[in-house]
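Residues in the first sequence are numbered consecutively from 37, following this note's numbering. Notes follow once the structure below has been shown.
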Amino acid sequence: MKYWLVKTEPTTYSIDDLKSDKTTCWDGVRNYQARNFMKDMQIGDQVFVYHSNAKEIGIVGLSKVSKLAYPDKTAFDKKDSHYDPKSKPEKPTWFMVDLKFAKKYKEIITLDKLREKKALSDMFILRKGNRLSVTPVAKKEFEAIEKII
DNA sequence: GCCAACGTTGGC
DNA sequence: GCCAACGTTGGC
């Protein structure tokens, strides 16, 4: 069992959208490192959902991996904003996973609260200049975050 | 809306 | 393969 965190802008796709959809394909990731992390995901891995570029920034909920990495079809669609001509259906560059809604926290775990925790000082998301939309979370980090709730 | 950080692109 | 220019991300 591994742990992860995905970022999303709530104006694009929020935890409430995931709650009502129940399951969604996490498409549109166009960064090699983030893609590689998605390829490492296993069914049942727990994935924090983080709202960025929002009024309230932080972890808002939890989801679980429900489908292993498979080709991101939006890369093949010329009309899609994530279209990438380099990615071919017979040799896809980009992948996505399915995420299943698990829970929405009563309160957002703000970025400030995450920074307050010593156990989280090495956390990927808190490292300066980190822009990856998919990042791993260590077991002890996951447990420390669950304790905040 | 600003701007630092950083990934990507393309000329050489 | 280097690196300047450019675009995007994301906190503030």
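Think of the CB as a built atom: it goes at the ideal place given N, C-alpha and C, for glycine as much as any other residue. Bear in mind the structure is a predicted one, so any value in this text is a computation, not a measurement.
DSSP three-state assignment for residue i, whether helix, strand or coil
i	result
residue 108	coil
residue 90	coil
residue 152	helix
residue 142	strand
residue 176	helix
residue 114	coil
residue 164	coil
Alpha-carbon to alpha-carbon, residue j and residue i
i	j	result
residue 86	residue 127	31 Å
residue 66	residue 167	12 Å
residue 82	residue 100	5 Å
residue 115	residue 88	25 Å
residue 165	residue 135	26 Å
residue 96	residue 160	17 Å
residue 122	residue 56	34 Å
residue 91	residue 75	31 Å
residue 150	residue 172	15 Å
residue 37	residue 80	7 Å
Paired residues, beta bridge with residue i - DSSP
i	result
residue 221	Past the boundaries of the shown model lies residue 221; the chain is included only from 37 to 185, so the question cannot be answered.
residue 85	42 and 97
residue 137	99
residue 60	135
residue 171	41
Classification of residue i by the beta-carbon crowding that lies within 10 angstroms, buried from 16 upward
i	result
residue 183	exposed
residue 77	buried
residue 125	exposed
Whether residue i touches residue j by CB criterion (9 Å)
i	j	result
residue 148	residue 94	yes
residue 156	residue 143	no
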